[in-house]
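Participant: This is the structure, below, for whatever I ask next.
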Amino acid sequence: MAVIDELILLMLAASALWTVMTRSLLRSAIGLALTSAMLAILMFRLSNPFAAVFELSVCAGLISALFFCIITITEPLTPEKVREEAGARFGRFRYLPVIVLIVGIVLRVLTVKIDVKLPALEEIADVRHFLWEGRQIDLIGQIIILLCGVFGIVILLKEIRKKGGK
Amino acid sequence: MHLLWIFFVYMIVLFVIGVYCILATQNLVRALIGIEVLMKAVTLLIIIAGYASGRTSLAQALVITLIVVETVIIAVAMGIVLSIYKHTKSLDTENLTNLKG
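One line per chain: the protein sequences are A and B, in this order. In terms of the working numbering, the first sequence is residues 186 to 351. In terms of the working numbering, the second sequence is residues 18 to 118.
Here it is, written out as structure tokens:
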């Protein structure tokens, strides 16, 4: 394992921790985008380029933009209120770095050799062929889920507009 | 140290961070961010499994499906959060006591 892989993993965990611990929601959203970008780099290094492109464009791009929108619409707390709530937040999240450190150290000490030798399959190297020829049911499922999501959002927005009208 | 185990350790660390965020936060948007971190842990697990078994095509197909599902979940959840915000003018979970028995 190259040192760079371990460095990327470390940055992935650090950015996830920062995402959860930081006070500002906007900074949290930026941290989430950073976590996705780190995961995408890791995917590239583990020879998963198509999944990495999806992760980078959808998770680091689209989902972060959605988070920025929702944070802007819902009028986040003023700096004074953030300062007032900082104590309570610190009380709730103070154990997280300790727990993460303990879990990380204990698991790294307990080295387990994972040996997953599965029966050989006829591996199709190109993911596009694999997706279109071998996993059509996944594609149908994705279309159904997307339609469900679209209908759900349309109904929710209709309700919000009705409430706003009243 | 075994290569896969290191990836596995970081996957568990991500999972712990996500679960703690969901359990400890009182803000609905931050709970969604916790769910996202959990999804990242699952994505990393699928990538590790694909790399270990040599079936990267299958892993990539599953990750693409997971990303689609993740996006839809987050979009619908944001719609629900927005609806709750319009109703209660707050994102605090403490204020959601309408169904309290």
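All C-beta atoms, glycine included, are put in the ideal place defined by N, C-alpha and C.
Under a three-way DSSP split, which group does asparagine 44 (chain B) fall into?
Facilitator: Locating residue 44 (chain B) in the second sequence gives position 27, where the first residue counts as 1. Three-state result, asparagine 44 (chain B): strand.
Participant: Apart from the five residues on each side of it in sequence, which residues of its chain come closer than 6 angstroms, Cβ to Cβ, to threonine 207 (chain A)?
Facilitator: As a working note, residue 207 (chain A) is residue 22 in the first sequence. Correct list, in chain order: Ser213.
Participant: For glutamate 87 (chain B), count neighbouring Cβ atoms within 10 angstroms of its own Cβ and tell me buried if that reaches 16, exposed if not.
Facilitator: Against the second sequence, residue 87 (chain B) aligns to sequence position 70. Answer is buried; the Cβ neighbour count reaches 16.
Participant: How is aspartate 190 (chain A) classed by DSSP in three states: helix, strand or coil?
Facilitator: As a first step, residue 190 (chain A) must be located in the first sequence, where it is residue number 5. Looking at aspartate 190 (chain A) - three-state DSSP - the assignment turns out to be helix.
Participant: Assuming contact is defined by CB atoms lying nearer than 8 angstroms, are leucine 83 (chain B) and threonine 60 (chain B) in contact in what I supplied?
Facilitator: For the purposes of this step, residue 83 (chain B) is taken as residue 66 along the second sequence, with counting starting at 1. For the purposes of this step, residue 60 (chain B) is taken as residue 43 along the second sequence, with counting starting at 1. Yes, they are a contact pair.
Participant: Output needed in chain order: residues of the region 325 to 339 of chain A with a Cβ under 8 angstroms from some Cβ in chain B.
Facilitator: Residues Gly326, Gln327, Ile330, Leu331, Cys333, Gly334, Gly337 and Ile338.
Participant: Keeping to the same chain, check which residues put their C-beta closer than 8 angstroms to that of glutamine 43 (chain B); ignore five residues upstream and five downstream.
Facilitator: Within the second sequence, numbered from 1, the residue matching residue 43 (chain B) stands at position 26. Only Asp109, Thr110 and Glu111 meet the Cβ criterion.
Participant: Please report how far the alpha carbon of leucine 342 (chain A) lies from the alpha carbon of isoleucine 255 (chain A), in whole angstroms.
Facilitator: Here residue 342 (chain A) is taken as the residue at index 157 of the first sequence, counted from 1. Here residue 255 (chain A) is taken as the residue at index 70 of the first sequence, counted from 1. Whole-angstrom Cα-Cα distance: 13 angstroms.
Participant: I'd like to know whether the C-beta atoms of valine 89 (chain B) and threonine 220 (chain A) end up nearer to each other than 8 angstroms.
Facilitator: Position 72 of the second sequence holds residue 89 (chain B). Position 35 of the first sequence holds residue 220 (chain A). It is not a contact, given that the beta carbons lie outside the stated cut-off.
Participant: So, is the C-beta of threonine 220 (chain A) closer than 8 angstroms to a C-beta in chain B?
Facilitator: Numbered from its first residue, the first sequence carries residue 220 (chain A) at position 35. True, the Cβ-Cβ gap to chain B drops below 8 angstroms.
Participant: So glutamate 53 (chain B) contacts chain A; which residues on that side make the cut at Cβ distance below 9 angstroms?
Facilitator: As a working note, residue 53 (chain B) is residue 36 in the second sequence. The contacting residues are Thr204, Leu217, Thr220, Ser221, Cys244, Ile248 and Phe252.
Participant: Taking cysteine 356 (chain A) as part of the alpha helix (DSSP H), name the residues at either end of that continuous run.
Facilitator: Only positions 186 to 351 of chain A appear in the structure, and residue 356 (chain A) is not among them; the question remains open.
Participant: Closer than 8 angstroms is the cut-off here; do at least three beta carbon pairs connect the region 29 to 44 of chain B with the region 280 to 296 of chain A?
Facilitator: At 8 angstroms Cβ cutoff, the stretches touch.
Participant: Can you give me the Cβ contacts of glutamate 240 (chain A) inside the same chain, cut-off strictly under 8 angstroms, excluding the 5 residues immediately before and after it?
Facilitator: Along the first sequence, one-based indexing puts residue 240 (chain A) at 55. Hits under 8 angstroms: Ser221, Leu224, Ala225 and Met228.
Participant: According to DSSP, aspartate 323 (chain A) sits in a beta bridge with which residue or residues?
Facilitator: Locating residue 323 (chain A) in the first sequence gives position 138, counting from the first residue. DSSP output for aspartate 323 (chain A) lists no bridge partner at all.
Participant: Around the Cβ of alanine 77 (chain B), are there at least 16 other Cβ atoms within 10 angstroms (buried) or fewer (exposed)?
Facilitator: Counting from one through the second sequence, the residue named residue 77 (chain B) turns up at place 60. The sequence shown places glutamine at residue 77 (chain B), rather than the alanine named in the question. Buried: at least 16 other Cβ atoms inside 10 Å.
Participant: Closer than 8 angstroms by beta-carbon distance: list the chain A residues that pair up with leucine 113 (chain B), in chain order.
Facilitator: Looking up residue 113 (chain B) in the second sequence gives position 96. The premise fails here: leucine 113 (chain B) is roughly 14 angstroms from chain A at the closest Cβ pair, so nothing lies under 8 angstroms.
Participant: Give me the subset of the region 277 to 298 of chain A whose CB atoms are less than 7 angstroms from a CB atom of chain B, sorted by chain position.
Facilitator: Correct list: Arg277, Phe278, Leu281, Ile284, Val285, Val288, Gly289, Leu292, Arg293, Thr296, Val297 and Lys298.
Participant: Counting only the same chain and skipping the five closest in sequence on each side, list residues whose C-beta sits under 7 angstroms from that of glycine 51 (chain B).
Facilitator: Reading the second sequence from its first residue, position 34 is the one you call residue 51 (chain B). So the qualifying residues of the chain are Gly35, Cys38, Ile39 and Thr42.
Participant: Kindly provide the ranges of any alpha helix (DSSP H) runs that are 4 or more residues long and lie completely inside the region 262 to 293 of chain A, ordered along the chain.
Facilitator: Runs found: 264 to 278.
Participant: Taking 8 angstroms as the cut-off, decide whether the C-beta atoms of leucine 295 (chain A) and arginine 47 (chain B) are in contact.
Facilitator: Numbered from 1 along the first sequence, position 110 holds the residue referred to as residue 295 (chain A). Numbered from 1 along the second sequence, position 30 holds the residue referred to as residue 47 (chain B). Cβ distance not < 8 angstroms, so leucine 295 (chain A) and arginine 47 (chain B) don't count as in contact.
Participant: With burial defined as no fewer than 16 other Cβ atoms inside 10 Å of the residue's Cβ, what is the status of leucine 116 (chain B): buried or exposed?
Facilitator: By 1-based counting over the second sequence, the position of residue 116 (chain B) is 99. Exposed, because fewer than 16 other Cβ atoms sit within 10 Å of the Cβ of leucine 116 (chain B).
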